Structures are given as C-alpha cells and as structure tokens.
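Remarks on the structure that follows.
Number of protein chains: 2
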Amino acid sequence: MSEEPASETPRAGLSRRGLLGLALGAGAAGVAVGAGAASAIALTRPDAASVADTHQFYGAHPAGITTDVQDHLHFAAFDVMEGASRQDLVELLQDWSYAAARMMLGLEVSATGAVGGSPEAPPADTGEALGLPASNLTITIGFGPTLFSTAEGVDRFGLASLAPGSLAALPPFLGDDLDPGHTGGDLCVQACADDPQVAVHAVRNLSRIAFGRARLRWSQLGYGRTSRTSAASKTPRNLFGFKDGTANILADDTAALDEHVWVSADDGPTWLAGGSYLVARKIAMKIETWDRVRLAEQERVTGRAKGTGAPLSGGDEFAAPDFAASGAAGLAIDPRSHVSRAHPANNGGIRMLRRGYNYVDGNTALGRLDAGLFFLGYVRSPDRFITVQRSVATDLMMEYVTTVGSGIWAVPPAPSEGSFVGAGLFS
Amino acid sequence: MSEEPASETPRAGLSRRGLLGLALGAGAAGVAVGAGAASAIALTRPDAASVADTHQFYGAHPAGITTDVQDHLHFAAFDVMEGASRQDLVELLQDWSYAAARMMLGLEVSATGAVGGSPEAPPADTGEALGLPASNLTITIGFGPTLFSTAEGVDRFGLASLAPGSLAALPPFLGDDLDPGHTGGDLCVQACADDPQVAVHAVRNLSRIAFGRARLRWSQLGYGRTSRTSAASKTPRNLFGFKDGTANILADDTAALDEHVWVSADDGPTWLAGGSYLVARKIAMKIETWDRVRLAEQERVTGRAKGTGAPLSGGDEFAAPDFAASGAAGLAIDPRSHVSRAHPANNGGIRMLRRGYNYVDGNTALGRLDAGLFFLGYVRSPDRFITVQRSVATDLMMEYVTTVGSGIWAVPPAPSEGSFVGAGLFS
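As they're listed, the protein sequences go chains A and B.
Start counting the first sequence at 1; every next residue gets the next number (my numbering).
Start counting the second sequence at 1; every next residue gets the next number (my numbering).
Written out as structure tokens, the structure reads:
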C-alpha cells in the first residue's frame, strides 16, 4: 500500500489514494458522482437494474435517517489510527464519500470494480454484491467525541475548537454494563439495506478503504426493523414480542423533525447544521426470563397490550396513552411502565427518531440467546437523549434488559455534490 | 414448570406437556396438524395471509433440504440434559414436531399463542412473529452421534443399537481449528425462512419448549444464501466475492438426489430411509487477507473467473471444467484449485446437496470481520463428505479459511401426519 505523493491536486471529493487506487480506470476526467450524474452512472450498472431502489448520498439532510427503514443493518465504529494525520483523515472521508455515493447507486466502489482492474492487482471491489440491486442502501457517517479530543495535550486533528459543546461520551446510566468492545469510536458508519449482503459489502469495503488510516473498532448486524418512519408501514415487533416504534417521528412530519431531530443553524456548530446526533445502544434482552413472565406482567411492564399494541388505557395502537385512566387495580398504565417513562408527556415533550434493529448474536455459554435490540436514535442534541434515558433507566423493563454497548456521534449534513462528508470541518 | 404425570394417553404427535401447556385452549379434541388439515388451520392465521409461502412438516423427505433456499438461516444445536429420560426425549420430539408443523404454516406454536391464553400465565408463543407471513419457513431436525451413545456404560436413551453404523463425529481435517462452542450436539434444528425474524422465532420457541429437557448448545445465524437448488435462481456469491453453488444438485434432479442425498432402504438403518445426513461446517474466512490478494491469484485459487463464475478452462458459468486444458502457464485450472479438488470427477463421482449461508458475527478484537461461510451439506452417507473434505483440505483456498465449527446429524424422513420426527426410533 506504499505510494508516493502525487503531484496533481486531488478533486474535492476524492483523495490522491482514491485517484490512484479506487478510481483506477475512471479516466483523467475523474468521476462526477451526485444527483445530476445519477442517471448516467446508473446506466453502467452491470445488471441494468432500475434505480428505484437507490438513494442519494449527496443532498441536504443525511440519508439513512428519515429513509424508510430498510430490513437489514450493518453498523460499524472505527478508530482513526495512531499516527494518522489530519490530511489522512480528510482523504479517508473523501474516499469514503466517493465509495458510499457509488454503492448507494448500486455501483461498485470504483469504476474498475471487482474484475475490471489489472489481474495483477487486488480487486478494487470485493465483489460479493455483484449482480445485486442497490437494495435501498444508505450509508450514514458520524463523528464521535474522541475525534475532536486532544491526546497528551495535542489536538489530534486540529478539530478541538469545532467540537459541538454538547458532544461527549454519554454519562453512565442505571442498567449499563458496557463492553468497551461495543462502545465508542472516532467514526461510525450506519449501513442499512434490504439485502444483508449489500449492507455487509458496504461496511467491508469502507473498512478496506480505511486500511492504514482507520480501523474497525466494533460492529453489529441487525435485522427485523423495530421502528417505522412511514405511516404506511405496519409497526414491527421487537424480541419481547411487542410492537415497537408506534409513536416514532415519521419522515413526512417535517415540523417534528425540525423540532426534535435536525440540528439548526442556531444550535451550532455551523458545520453540523442540517445534521443530527446519532445515539447507538446495544440493549441485551433477558429473553428466557421474559418468556417465563406472565402475559399480564409483560403488558404492565410495557404499558401496552401485546397483541394490538394499544396502550393499557384503551383505544387502538395509535391512541394516546391516558396516564390518569383507572384500571382494575389502580391506574390502567403503571407509572413505572416503559411507555410512561419514555413518553414525551413525561419528558418535557422530547421525542426522537428511532430506527433500531433486532439482533441475535448466537447464544451465551449458558445456552441463552445472545439477543436484543440495537437501538439507534436521532436527536437534535445529546441532552435530549440523556433526559429520556434517565427516565426509562428506572422503568419496570430494566429488570429484563442490560445495555452492553453505547456510542454517540455527530452526523453532519449530507455533502454537496462532489464534496465529502464533514468537509465543513476542514474548510 | 413442575407438573404431575397426566393419566390420559398422549396423542402420537403431542406429549402430555404439549397437551397441558402448548395446546391449552385447543380443546379436548386436540389439534390435527398435517397435510390434510393445512387449509383448515391456515384459515385461523391472524392475518389471513395466503399459504403460498408455506411448506409441510409432514410428508416423505424432510423439508428444508430440496426446498428453494430461503434468504435466512438460524441453525441451532442442542444437548439433551443430563437426567432426561427416554420418555423426556420422545415428548420433546413430539412437542417440537407439533410446534414446527404449526410454525411452518405461519401459525403460532399453539392455538392459544402469544395473547390467547390466561393473562396470569406466560404466553405460549413469544409473539415476535405475530402478523408476519410464514416466509417459507422450514424446520429440519437431526440426530447427532452422541444421542446414540452410551455414557459411563449406560445406553443414554436405549438407542445405541439403532445408530447408523457410519454416524460418528467427523475425523479431524487439515485446516480445522474447532471451537467446542460451535461443534457437535445431540440434536440440531435448521430453521430457514425468508424473514430472519421468522427463523429466529422458530429456534427461540423450540428452545423454550425444550426447557428442562434439552438446552441450546450453540447456534448460528446466516444470510445471503450461497447455494441454489433451482435452475431458475441466479447463483449467489460467497464472501470471497465468487459465485458459489454453480454445480449444486437441483431439487428437480431426483436421480441425483436418490444417488447422492437420500438414504435408501438398503443403506439402513430402516428409520433413516428417506432421510439424509447433514454436515455443518463453520468456515471462517480471512477476509482482509483475501481482499489484498491479486485478482489472478484469487481466480487461480478458486479455479473460476470472479466475474462470470466460468471455469478457467473456458465457457460460461455452467460449462464443465476441463482439467486437462492448457492455459498461459501450464494447466488452465490449477490442480490444487478449489474447483479441482472439490469436483466429482476427482472424488469418485461424489456430489452433495449444499445450502450454505454467509455469516458475519461482527468483528474480532483485531478489527477484522468475523465472517465466512456456514456450510450446510446433505449427503447419503458420512463417508462421502469425508472423502471430498479430505480432498479440498489441501486445496489452495485453505490458506484463506479456517474451519471453526463442525457437526454431523442424521436427519430422519419427515414424519407421517400426526406422528413426530424420529418416531421410527422409538416404535
């Protein structure tokens, strides 16, 4: 992987490494990727499939937040390697942006791809997604608190002054038992697609592109979405068997998105306006214990009916919970239930956009399923998540869950065409 | 879970525990499950969905072998618990059969299901598949060598005399580095479905039903099928980026199935006739190493072109490899290539039916993807697999893979309607 500095000025959206490696064969004119070029590029897709299942990496808000929740997730956290320079970081983000934009169009990571390069060189694309449609792939990239930190008094990448004031590792919560191997990271990549092979291909190739500059810290696969972002979708169920995401913010509710999800220009910092904060929480469920709890207790803990998802105060799934309504024994909805502790009415009106996934990582040595909810939530500011989490951290459901992984990242707005993610940090 | 022995004679396909627990609410007439009852039962499906995506648990050959390969796998190995009796084992198989037959029809594990029982009892079904279609779920159950073994001189379940003579733990192969936590097991359950939540729901509920009688030993999720069993399917790609399964036995090739897959009455033992032997191999791929290998070398190792899947001796994907053809430097196909070592022509004509899955279990502590191929192969006798495996264990691909898990199970024929899997062992 050794290479001499090239003399030509790299294009805004592509590093020297990208020019010399990934884009080999793309020609001296480079490759224009973006909304305007989408249809032309799509014509080169090997299977000539439709582009109906593609999303744009470039634009205003980042893809993968309000996008209809796809069936599969591969989430990955990366650390920039010790010794990597600010320029290495810039080039990494350029190369990632170039490859992400192409993959979201159903293309290989570069024009040469898996089989178009020299037989005497490693393929530019790993090839396992050849022939597969774009599968609604979205790639969402975030910046963790440690990216802005100083190490032994040195500002790692000259970004300390640009750090969002509120971006810091999350405080400890009741019920946390965090595994450092599933916590934190300088950068994150959320790859969502309807085909798991497409999501895995994205993370694998971004990890490969990062070689020598950043390295995979941890990753998580998920499936069976637990959230909906469109009124047309049925609410899916989590591994406790309950509908999950009934009250989620929907993609077309722009007022709610502006109030609860997108960072505004007034919020600051400037480079983050139009972006959001992503909180990831790996929540292990005590499946076997839960499965032996009586139905009435499961519903008391949740605050909703298992079958319909309706709040225990009555109505259908989408009825507003009535926390004052009476039930057979006291209040219909226990004030310590999950729906009560999580509800905006009991958290100063705070809502978040959730797009979590169920996960199953096999089983533990005790023969119990190693499974749960990989929570992904988007909020306008970290303190909003912290407020709600402090509230639910004492709810009845905590007896049946343990949070084993955690992270927070600032997700910048989508780059403009030809630029790269986070460019506003380096201008 | 304590319960007194009931005085009534259990039905052939349902244990006392099943009658008292799972089928609570089904009425004194019990529940007839099977081919004849399928349409009637399907009418009770909560979403009234079509039954086009269902398969029958009962029949001749077991489901999940020649069935069109579904998108997702949850494979689980179980050990019968110390102290469990022969009768416990019979009842477990009865209960599993009852629940499996129902789930394959898109039904909950019993008539009461997740919300139809008493609020003061744990739900009979865990509920996360409520509202989901059957998703082509198949459940395939196998018996491992240890089920027939003697422990400290005692025939564990009185089955030693019925053991297939050739059923034994696989011998060590070059390239094995087996993790006991992913190897062996008294029983196995292969659950395949087009929705991962449906496959996971099946294993989870069978594990729950096994409580006190058998316990989960290990399990594996897979996705992105690597095999095809129908000529109409495109050949999918494994995580080395190559097409995988080009030469697989197809479901409609009954002559090949009879010759290579199904145990015949002459093969013996009688209870296994019409069944098969399942070999599972968890093959970890050195992804990052492979990704840095030049294309020509990847193709030499494989013996096929990465793009088309064609053998390096020429033709298209389905052309027969010509092991004598000349190439630029010697033979076109390296005799040590995977295609050469695995080919029936070089293994006495042996073929097997494969339905492997790609897996990604996150990453290692070194930041490498913990990923590979979960190989599932069906053969008429264990020695057939052993012959081919000894051949491929010295091929060029072994530099890039390590087998970390392994198991073999005898898969009995599908039970007749109203009976249970493996009933022939206990008659």
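Here a beta-carbon is modelled for each residue, glycine too, at the ideal position from N, C-alpha and C.
All figures in this text were calculated on a predicted structure; none of them were measured in a lab.
CA nearest to the CA of A:Leu159, picked from A:Ser340, A:Asn358, A:Tyr400 and A:Arg86
As a working note, residue 159 of chain A is residue 159 in the first sequence. Per the Cα distances, A:Arg86.
Cβ closer than 9 Å: which chain A residues qualify as neighbours of B:Thr126?
The sequence position of residue 126 of chain B within the second sequence is 126, counting from 1. Chain-ordered, the chain A residues with CB closer than 9 Å to the CB of B:Thr126 read Leu239, Phe240, Gly241, Ile287, Trp290 and Asp291.
Beta-carbon separation of B:Tyr277 and B:Val154 under 8 Å?
Translated into the one-based positions of the second sequence, residue 277 of chain B becomes position 277. Translated into the one-based positions of the second sequence, residue 154 of chain B becomes position 154. Cβ distance not < 8 Å, so B:Tyr277 and B:Val154 don't count as in contact.
For a cutoff of 8 Å on Cβ pairs, would you count B:Gly367 as touching chain A?
Along the second sequence, one-based indexing puts residue 367 of chain B at 367. By this cut-off, B:Gly367 is an interface position.
DSSP three-state assignment for B:Pro311, whether helix, strand or coil
Position 311 of the second sequence holds residue 311 of chain B. In this structure, B:Pro311 counts as strand in the three-state DSSP scheme.
In chain order, what residues of the same chain have a beta carbon less than 7 Å from the beta carbon of A:Thr402, not counting five sequence neighbours either side?
For the purposes of this step, residue 402 of chain A is taken as the residue at position 402 of the first sequence. In the same chain as A:Thr402, and ignoring 5 residues on each side of it, the C-beta atoms closer than 7 Å to its own belong to Gly175, Asp177 and Ala284, in chain order.
Closest to A:Ala371 by CA distance: which of A:Thr387, A:Asn238, A:Ala273 and A:Gly330 is it?
Your numbering for residue 371 of chain A matches position 371 in the first sequence. It is A:Asn238 whose Cα lies nearest to the Cα of A:Ala371.
Through-space distance from A:Thr308 to B:Asp125, alpha-carbon basis:
Position 125 of the second sequence, counted from the start, is the residue given in the question as residue 125 of chain B. Position 308 of the first sequence, counted from the start, is the residue given in the question as residue 308 of chain A. So the alpha carbons of these two residues sit roughly 15 Å apart.
Where A:Asn363 falls: helix, strand or coil (DSSP):
The residue given as residue 363 of chain A occupies position 363 in the first sequence. Of the three classes helix, strand and coil, the one that applies to A:Asn363 here is strand, per DSSP.
Quick check for students: name the residue ranges of the alpha helix (DSSP H) that lie wholly in the stretch 108–186 of chain B, counting only runs of 4 or more.
You should have found no qualifying run.
Residue-chain proximity (B:Trp428, chain A), Cβ-Cβ < 8 Å
Residue 428 of chain B cannot be examined here, being either before or after the span of chain B that is shown, 1 to 427.
Helix, strand or coil for B:Val293 per DSSP?
As a position in the second sequence, residue 293 of chain B is number 293, starting the count at 1. Reduced to three states, the DSSP call for B:Val293 is coil.
Own chain residues within Cβ distance below 6 Å of B:Ser313, not counting five before or after
Counting from one through the second sequence, the residue named residue 313 of chain B turns up at place 313. So the list reads Pro321, Asp322, Ala325, Ala332 and Ile333, once near-sequence residues are dropped.
Who are the Cβ neighbours of B:Arg390 in its own chain at under 7 Å, not counting the five residues just before and after it?
Residue numbering aside, residue 390 of chain B sits at position 390 when the second sequence is read from its first letter. If you ignore the 5 residues before and after B:Arg390, its C-beta comes within less than 7 Å of the C-beta of Phe173, all in its own chain and listed in chain order.
Completely contained beta strand (DSSP E) runs for the stretch 209–272 of chain B, where each covers 3 or more residues:
Listed in chain order, they are 214–225.
A:Ser406 burial status per 10 Å Cβ neighbour count (16 or more: buried):
As a first step, residue 406 of chain A is located in the first sequence; it is residue number 406 there, counting from the start. The residue is buried, with at least 16 neighbouring Cβ atoms inside 10 Å.
B:Gly144: which of B:Ala273, B:Ala134 and B:Ser166 sits nearest, CA to CA?
Mapped onto the second sequence, residue 144 of chain B falls at position 144. Cα-wise, what sits closest to B:Gly144 is B:Ser166.
Leaving out the 5 sequence neighbours to the left and right, which residues in its chain are closer than 8 Å to B:Asn136 when beta-carbon positions are compared?
Residue mapping note: residue 136 of chain B aligns to position 136 of the second sequence, counting from 1. So the qualifying residues of the chain are Asp53, Thr54, His55, Thr67, Asp68, Gln70, Cys192, Ala193 and Asp194.
Smallest Cα separation from A:Asp79: which of A:Leu425, A:Asp383 and A:Asp186?
One-based indexing of the first sequence puts residue 79 of chain A at position 79. Ranked by Cα distance from A:Asp79, the options A:Leu425, A:Asp383 and A:Asp186 are led by A:Asp186.
Please report the Cβ distance between B:Lys306 and A:Gly131, rounded to the nearest whole angstrom; I am assuming they are in contact, meaning their Cβ atoms lie under 8 Å.
As a working note, residue 306 of chain B is residue 306 in the second sequence. As a working note, residue 131 of chain A is residue 131 in the first sequence. At roughly 12 Å, the Cβ-Cβ gap does not stay under 8 Å, so B:Lys306 and A:Gly131 are not in contact.
List, in chain order, every chain B residue whose beta-carbon is nearer than 7 Å to that of A:Tyr357.
The residue given as residue 357 of chain A occupies position 357 in the first sequence. Near A:Tyr357 there are no residues of chain B at all, since even the closest Cβ is about 10 Å away, more than 7 Å.
Please check if any C-beta of chain A sits within less than 8 Å of the C-beta of B:Ala296.
For this step, residue 296 of chain B is matched to residue 296 along the second sequence. Cβ-Cβ to chain A under 8 Å: yes for B:Ala296.
Might you give, ordered along the chain, the residues of its own chain that have their beta carbon closer than 6 Å to the beta carbon of B:Leu221, omitting 5 neighbours on each side?
Reading the second sequence from its first residue, position 221 is the one you call residue 221 of chain B. Beyond the five residues adjoining it in sequence on each side, B:Leu221 comes within less than 6 Å, by CB distance, of His74 in the same chain, given in chain order.
Nearest-angstrom beta carbon gap, A:Val421 and A:Ile141 [assumed within contact, 8 Å]:
Within the first sequence, residue 141 of chain A is the residue found at index 141, counting from 1. Within the first sequence, residue 421 of chain A is the residue found at index 421, counting from 1. About 5 Å separates the two Cβ atoms, so the contact holds.
From the DSSP output, read off the bridge partner residues of A:Ser276.
For this step, residue 276 of chain A is matched to residue 276 along the first sequence. In the DSSP output, where bridge partners are listed per residue, A:Ser276 has A:Val411.
Using a Cβ cut-off of 9 Å, which residues of the stretch 206–228 of chain B contact any Cβ in chain A, in chain order?
Listed by position, the residues of the stretch 206–228 of chain B near chain A (Cβ gap below 9 Å) are Ser207, Arg208, Phe211, Arg215, Leu216, Arg217, Trp218, Ser219, Gln220, Leu221, Tyr223 and Gly224.
Beta-carbon proximity check, A:Val51 vs A:Leu105, cutoff 8 Å
The residue given as residue 51 of chain A occupies position 51 in the first sequence. The residue given as residue 105 of chain A occupies position 105 in the first sequence. For A:Val51 and A:Leu105, yes; Cβs fall inside 8 Å.
Beta strand (DSSP E) segments (min. 3 residues) lying fully within the stretch 324–351 of chain A:
Within the stretch 324–351 of chain A, no run of beta strand (DSSP E) at least 3 residues long lies entirely inside it.
Please report whether the beta-carbon of B:Glu82 lies at a distance below 8 Å from any beta-carbon of chain A.
As a position in the second sequence, residue 82 of chain B is number 82, starting the count at 1. Residue contact check for B:Glu82 against chain A: no CB pair falls below 8 Å.
Option nearest B:Val360 by Cα separation, candidates A:Ser337, A:Pro119, A:Arg281 and A:Arg204
Locating residue 360 of chain B in the second sequence gives position 360, where the first residue counts as 1. Ranking A:Ser337, A:Pro119, A:Arg281 and A:Arg204 by Cα distance to B:Val360 puts A:Arg204 first.
Are A:Asn248 and B:Gln197 closer than 8 Å when you measure CB to CB?
To locate residue 248 of chain A, count along the first sequence from 1; it is residue 248. To locate residue 197 of chain B, count along the second sequence from 1; it is residue 197. At a Cβ-Cβ threshold of 8 Å, A:Asn248 and B:Gln197 do not count as neighbours.
What is the rounded straight-line gap between the Cα of A:Gly377 and the Cα of B:Asp179?
By one-based count along the first sequence, residue 377 of chain A stands at place 377. By one-based count along the second sequence, residue 179 of chain B stands at place 179. Roughly 36 Å separates the two Cα atoms.
Taking DSSP as the reference, what is the three-state secondary structure of A:Phe420?
Residue 420 of chain A sits at position 420 when you count from the first residue of the first sequence. In this structure, A:Phe420 counts as coil in the three-state DSSP scheme.
What would DSSP say about B:Leu93, mapped onto helix, strand or coil?
Translated into positions along the second sequence, residue 93 of chain B becomes position 93. Correct three-state label for B:Leu93: helix.
My output table needs one value for B:Val80: the three-state DSSP class, helix, strand or coil.
Indexing the second sequence from 1 puts residue 80 of chain B at position 80. Strand.
Tell me whether the beta-carbon of A:Arg281 lies closer than 8 Å to the beta-carbon of A:Phe375.
Along the first sequence, one-based indexing puts residue 281 of chain A at 281. Along the first sequence, one-based indexing puts residue 375 of chain A at 375. It is a contact, given that the beta carbons lie within the stated cut-off.
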